[in-house]
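So the structure is just underneath, and the comments pick up after that.
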């Protein structure tokens, strides 16, 4: 079992839920209440994942003697702080009433935020987690 298996599983769950939300947005009549409920669930998964990384992954990588590992981990952690703020702001902004009032902008914002999240997950899976598993 690799050290990052749980993190990778969480990534899969986050991407699957994001996919359900974007899929629902493409349907004929997106339900703002359902969207908000799913978005809350996604926020919980993202926040739990970030907390696990901060408490377990980043400290271990920061203490690594491998060349470049500490610097790469620090860069990833700093970048994630920015994306976490964007996601938090997005989650706070889009409550049921706001989604209902402007579904089109919600859909646009959702695609942008989820795209950034998917890009970040891909980078962690391809660049950061292999270092943690080595």
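Residue numbers (our numbering): 3 to 136. Glycine included, every Cβ here is placed at the ideal spot set by N, Cα and C. Treat the numbers as computed from the prediction; the structure is a model and nothing was measured.
Task: Straight-line Cα distance separating residue 98 from residue 37 - done: Here residue 37 refers to the residue found at position 35 of the chain shown. Here residue 98 refers to the residue found at position 96 of the chain shown. Using only the alpha carbons, I get a separation of about 8 Å.
Task: Of the listed residues 17, 94 and 101, nearest to residue 51 (C-alpha basis) - done: Working through the chain shown from its first residue, we reach residue 51 at position 49. Out of 17, 94 and 101, 17 has the C-alpha closest to the C-alpha of residue 51.
- [ ] Work out the CA separation of residue 127 and residue 10 for me, nearest whole Å.
- [x] Start at 1 with the first residue of the chain shown, and residue 10 comes out as number 8. Start at 1 with the first residue of the chain shown, and residue 127 comes out as number 125. Going from the Cα of residue 10 to the Cα of residue 127 covers about 7 Å.
- [ ] State the CB to CB distance for the pair residue 76 and residue 64, rounded to an integer number of angstroms; the pair is presumed to be in contact (CB under 8 Å).
- [x] Along the chain shown, one-based indexing puts residue 76 at 74. Along the chain shown, one-based indexing puts residue 64 at 62. Their Cβ separation, rounded to whole angstroms, is 7 Å, which keeps residue 76 and residue 64 in contact under 8 Å.
Open item on the list: On the DSSP letters alone, give me the boundaries of the alpha helix (DSSP H) that residue 42 sits inside.
Closed with: As a first step, residue 42 is located in the chain shown; it is residue number 40 there, counting from the start. 34-54 is the extent of the alpha helix (DSSP H) around residue 42.
Open item on the list: So the candidates are 108, 122, 62 and 89; which of them puts its Cα closest to the Cα of residue 139?
Closed with: Absent from the model: residue 139. The displayed extent of the chain is 3 to 136, so no value can be given.
Task: Rounded Cβ spacing between residue 113 and residue 24 (contact assumed at less than 8 Å) - done: The sequence position of residue 113 within the chain shown is 111, counting from 1. The sequence position of residue 24 within the chain shown is 22, counting from 1. Confirmed, about 7 Å.
TODO: Give every residue of the same chain whose Cβ lies closer than 6 Å to the Cβ of residue 27, excluding the five residues on either side of it in the sequence, and list them in chain order.
DONE: Within the chain shown, the letter at position 25 stands for residue 27. Answer for residue 27: 109, listed in chain order.
Open item on the list: Tell me the DSSP secondary structure of residue 135 in three-state form.
Closed with: Reading the chain shown from its first residue, position 133 is the one you call residue 135. Helix, per DSSP.
- [ ] Would you decide whether residue 13 is buried or exposed? Buried here means 16 or more other CB atoms lie within 10 Å of its CB.
- [x] Here the question's residue 13 lines up with position 11 in the chain shown. Counting Cβ neighbours within 10 Å, residue 13 comes out buried, since at least 16 surround it.
Task: Anticipated Cβ contact below 8 Å, residue 44 with residue 19, distance rounded - done: By one-based count along the chain shown, residue 44 stands at place 42. By one-based count along the chain shown, residue 19 stands at place 17. Right, the Cβ-Cβ distance comes to about 5 Å (below 8 Å), so this counts as a contact.
TODO: Determine the direct distance from the alpha carbon of residue 83 to that of residue 68, and round the result to whole angstroms.
DONE: Walking along the chain shown from the start, residue 68 turns up at place 66. Walking along the chain shown from the start, residue 83 turns up at place 81. The alpha-carbon atoms of residue 68 and residue 83 are separated by roughly 24 Å.
Task: Contained alpha helix (DSSP H) runs [length at least 4] in the stretch 92-127, N- to C-terminal order - done: 98-103 and 105-125
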